[in-house]
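Notes for the one structure printed next.
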Amino acid sequence: MKNNIIKIIVLFLIFALMTTSCMKNEENVNSKDEITIVASLFPQYDFAKTIAGDRAKVLLLTPPGVDTHSFEPSPGDIINIENSDVFIYTGKYMEPWAETLLASTESTKLLTVDVSKGVELDKEHHEHDEEADHGHHHEYDPHIWTNPVFAKKMVQNITDALVEVDPVGKDIYIENSNKLIEEIEKINQGFIKAVSEGQRKDIFFGSRFALHYLVKEYGLHAHSVFNSCSEETEPSVASMTEIVEAVKSQSIPVIFYQELEEPKVALTIAEETGAEPLLFHSAHNVSKDDFNNGISWVKLMEDNIENLKKALN
Numbered sequence: 001m002k003n004n005i006i007k008i009i010v011l012f013l014i015f016a017l018m019t020t021s022c023m024k025n026e027e028n029v030n031s032k033d034e035i036t037i038v039a040s041l042f043p044q045y046d047f048a049k050t051i052a053g054d055r056a057k058v059l060l061l062t063p064p065g066v067d068t069h070s071f072e073p074s075p076g077d078i079i080n081i082e083n084s085d086v087f088i089y090t091g092k093y094m095e096p097w098a099e100t101l102l103a104s105t106e107s108t109k110l111l112t113v114d115v116s117k118g119v120e121l122d123k124e125h126h127e128h129d130e131e132a133d134h135g136h137h138h139e140y141d142p143h144i145w146t147n148p149v150f151a152k153k154m155v156q157n158i159t160d161a162l163v164e165v166d167p168v169g170k171d172i173y174i175e176n177s178n179k180l181i182e183e184i185e186k187i188n189q190g191f192i193k194a195v196s197e198g199q200r201k202d203i204f205f206g207s208r209f210a211l212h213y214l215v216k217e218y219g220l221h222a223h224s225v226f227n228s229c230s231e232e233t234e235p236s237v238a239s240m241t242e243i244v245e246a247v248k249s250q251s252i253p254v255i256f257y258q259e260l261e262e263p264k265v266a267l268t269i270a271e272e273t274g275a276e277p278l279l280f281h282s283a284h285n286v287s288k289d290d291f292n293n294g295i296s297w298v299k300l301m302e303d304n305i306e307n308l309k310k311a312l313n
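Counting from 1, one number per residue, gives the positions in the sequence shown under the working numbering.
Here's what the structure looks like:
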């Protein structure tokens, strides 16, 4: 009887040790020190956060509500980048300061991700250069995230980087990435449907314009009082007159304006023409309230699709 009790105790201990070992192995597979990701702009911040889930701490470098084109990183921002595992940026044409920073960094663990890799950039086109030759211009248009097709490439570039820096989380990253790409494809199809069912191809902006890749993708024609992301605060008389006359003569129902800027020009055009002023969000950045409420690139584009439908009908 005593021997049987001893055998039972031994078997119990062996079982307990085996269970503990299995649990530890499972913990080793599922646990990983949280990686840190710094993203220069909101779109890649949002994509990285969605892909990484709870396996990473994701920081947005450009504060919510700040104009991305005038942003320069502070010493604290530079320290955050150098201490991170992954730094995601749009490329040298959007963040020229990044090239200098990355060339001088002494970090041996930092993985840098240029999300424009694999995307063919177009040279920026300026219709009124003679009127606004001191605006904010890029040699090549960097606003790739406005095109859902390019956004999917950005997601893939970010996913590849996260798998490289944290291979243990590969399955999680790929699963989240695939779900996000499906959502972006729905946005793509939403734009295609809105344009195909629309009665016109011309859209008008009473603000800066950063949607070249989007309008090109869907065969639209955009007209703006400003050149791309010009720093001009007032449009030229010629460009203003041209837009107002076109909106009137074509009975254009909507005049768009861009986020994070005073829409006074669009409102003036609306008063002159009867067009409805509506937001078309380029997703450069978001307001503090939107950021705190967890707004996503997908939601911004869903809203854009609804406003575009009004503009095309």
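Note that beta-carbon positions come from the ideal geometry of N, C-alpha and C, so glycine has one too.
Look at histidine 223 here: in three-state DSSP terms it is strand. Taking a cut-off of 8 Å on C-beta distances, the stretch 111-119 touches the stretch 139-155, as three or more cross pairs fall below it.
Assignment of phenylalanine 280 by DSSP, reduced to helix, strand and coil, places it in the coil class. When secondary structure is reduced to three states using DSSP, phenylalanine 47 falls in the helix class. Under DSSP, isoleucine 184 takes part in no beta bridge, so it has no partner. Burial state of proline 148 is buried, judged by a 10 Å Cβ sphere holding 16 or more other Cβ atoms.
When C-alpha distances from proline 235 are compared across Ile269, Thr68 and Leu211, the shortest belongs to Ile269. Per DSSP, valine 163 lies in no beta strand (DSSP E); the unbroken alpha helix (DSSP H) holding it starts and ends at 148-165.
Looking only at Gly198, Asn292, Ala194 and Tyr257, the smallest Cα-Cα distance to histidine 223 is reached by Tyr257. In the structure shown, the three-state DSSP call for leucine 121 is coil. Spanning the alpha carbons of lysine 309 and leucine 300 requires a straight line of approximately 15 Å. For leucine 111, no alpha helix (DSSP H) segment is defined; the enclosing uninterrupted segment is the beta strand (DSSP E) at 111-114. A residue is called buried when at least 16 other Cβ atoms come within 10 angstroms of its Cβ; proline 263 meets this threshold and is buried. Secondary structure note for threonine 36: its beta strand (DSSP E) is the uninterrupted segment 35-39. Within the same chain, Ser40 and Tyr89 come within 7 Å of glutamate 95 by CB-CB distance, once the 5 residues on both sides are set aside.
In the DSSP assignment, isoleucine 269 falls outside any beta strand (DSSP E) and within the unbroken alpha helix (DSSP H) covering 264-273. Cβ contact annotation for serine 84 (same chain, cutoff 6 Å, sequence separation greater than five): Thr36 and Val38, in chain order.
In this structure, the alpha-carbon of valine 254 lies about 16 Å from that of valine 215.
Close CB contacts of glutamate 164 within its chain, under the 7 Å cut and outside five residues either way in sequence, are with Leu111 (chain order). In the same chain as asparagine 80, and ignoring 5 residues on each side of it, the C-beta atoms closer than 7 Å to its own belong to Val38 and Leu59, in chain order.
Rounded to the nearest whole angstrom, the CA to CA distance from glutamate 183 to valine 298 is 7 Å. DSSP places aspartate 67 outside both helix and strand once states are collapsed to three, so it counts as coil.
Cβ neighbours of asparagine 307 within its own chain (closer than 8 Å, five residues either side excluded): Val254, Phe256, Leu278, Leu279 and Phe280.
Between phenylalanine 42 and histidine 212, the C-beta spacing is not below 8 Å. DSSP links phenylalanine 205 through a beta bridge to Ser224 and Phe256.
For valine 86, there is no enclosing alpha helix (DSSP H); the enclosing beta strand (DSSP E) covers residues 86-89. By alpha-carbon distance to aspartate 46, the top candidate from Asp141, Asp290 and Asp303 is Asp290.
Counted as a single uninterrupted DSSP element, the beta strand (DSSP E) harbouring lysine 57 occupies residues 56-60. Per DSSP, proline 235 is not a residue of any alpha helix (DSSP H), being assigned neither H nor E. Secondary-structure assignment with DSSP links tyrosine 218 through no beta bridge to anything.
In the structure shown, tyrosine 173 falls within a helical segment according to DSSP collapsed to helix, strand and coil. The Cβ neighbour count for lysine 49, taken over all protein chains shown within 10 Å, is at least 16; the residue is labelled buried.
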